[in-house]
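Participant:
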Amino acid sequence: MANIVIKLFIFLSVFIFFLTSCASQKDIIYLNNQVNALYRQSKKFEEKIKAHESVQKETVKSLNEDKRRLNKDQESIRLHLAQVEADLLEIKDKIQELTGKVEENSHLLKGATEEDTTNVDAMVSKMKGLSSMLDELKTRIEKVESLLRFKPSVTTNTTGPEKVLPVQETPKKDTSTLKEKKLTESETYDRALGLYRDDRYEEAKAGFKNFLTLYPTSDLADNAHFWIGECYRVLAKYEEAILAYQKVINGYPKGNKVPSAMLQQALTFEKISDTTTANLVFKKLVKNFPKTKEAEIARKRLKQKK
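Here is the structure:
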């Protein structure tokens, strides 16, 4: 633009020189004023153009800076989105993994529940069979006692069965029961417990049964059933012991002897090699009475079998 103005100025100077030879002094002054005015306008125009170019450069520079910042922000956003996408994929994989574990655990839990139900049914069936056998044996014993007219001894005999002789004379009246009836409730119970502690298990078992006959609604009834089970267990009569413990569990669910009865019942099932039912009873003991010392023993027994 400056070159154009210079050329224009030279052209006007030449033109003015040419005119000076033909025009008057007045015309020369007028033309000179016009040229000066034109020059001033061209200078203003040039300044405006320079100012505009400066503004344009600043604008372009600002736009370039904004573009760089925008590109940088876009790159940061792209990286963030990529990280978010990677995190989402990882979370999705973990959810699938957890879902698989939940389904697997649900399947195992269902199988264990079905197995427990089967074991419970088998145990109930076995107990019913044992109960029927016990009732049948009791009936037979009562018939034999009636025929032989004698009362079985309550002491154990390790050398063989005790010989029974026919009674010819009229049997004397047994006053032992009458004497027991004269005892108080606690005295009758303590007497049977003392026999157990003296290792006289047959007599202790008879004493606890007599206590239950005299005081069937006693607060110590569940304890009596438990000690009867203990007597059977020591005497290696494991099926009878299991049934006695079950009477404590079923008949006195809120009694203080239930955890002990469950523990001893599970241990007795182990004695007859029924580990499946024993483990089931151990698990129920831990579940129903988790804070008892019996539950702690059951946990240890279960850990030993893993």
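In the numbering used here, the protein residues as written are 7 to 312. Cβ atoms here follow ideal geometry from the backbone N, Cα and C, with glycine treated the same way.
Only counting runs of 3 or more residues, tell me where the beta strand (DSSP E) segments fall wholly within the stretch 259-308, in order along the chain.
Facilitator: none
Participant: Can you tell which of L218, L199, T219 has its C-alpha closest to the C-alpha of A210?
Facilitator: Checking every option, the nearest Cα to that of A210 belongs to L199.
Participant: Between G291 and P259, how many whole angstroms is the CB-CB distance? I'm expecting something under 8 angstroms.
Facilitator: The question names Gly, yet the displayed sequence has Leu at residue 291. No, L291 and P259 are not in contact; Cβ-Cβ is about 13 angstroms, not under 8 angstroms.
Participant: By Cβ distance below 7 angstroms, which residues in the same chain neighbour C237 in space, the five residues on each side in sequence not counted?
Facilitator: Y202, Y207, A210, K211
Participant: Is the beta carbon of A227 sitting closer than 8 angstroms to the one on Y251?
Facilitator: Taking the C-beta atoms as reference points, Y251 is found no nearer than 8 angstroms to A227.
Participant: Does DSSP put Q310 in a helix, a strand or coil?
Facilitator: helix
Participant: Cα separation between S192 and L308?
Facilitator: 38 angstroms
Participant: So what's T190 in DSSP terms, helix, strand or just coil?
Facilitator: coil
Participant: What is the rounded straight-line gap between the Cα of S60 and the Cα of Q31?
Facilitator: 43 angstroms
Participant: Measure the alpha-carbon distance for K63 versus L76 and round it to whole angstroms.
Facilitator: 19 angstroms
Participant: If you compare alpha carbons, which of Q271, K243, N70 is closest to N256?
Facilitator: Q271
Participant: Tell me the DSSP secondary structure of S60 in three-state form.
Facilitator: helix
Participant: Hey, Y244 and T223: beta-carbon distance below 8 angstroms or not?
Facilitator: No. Outside cutoff.
Participant: Evaluate A301 with the Cβ neighbour count: other Cβ atoms within 10 Å of its Cβ, from every protein chain shown; 16 or more gives buried, anything less gives exposed.
Facilitator: buried
Participant: Along the chain, which unbroken stretches of the alpha helix (DSSP H) at least 4 residues long are found entirely within the stretch 209-247?
Facilitator: 227-240
Participant: Please state the DSSP three-state secondary structure of R206.
Facilitator: coil
Participant: Would the beta-carbon of N229 fall within 8 angstroms of that of K253?
Facilitator: no
Participant: For my contact list, T194 and F217 are in at a C-beta cut-off of 8 angstroms; report their separation, rounded to the angstrom.
Facilitator: Contact annotation, T194 with F217: C-beta distance approximately 5 angstroms; criterion of less than 8 angstroms satisfied.
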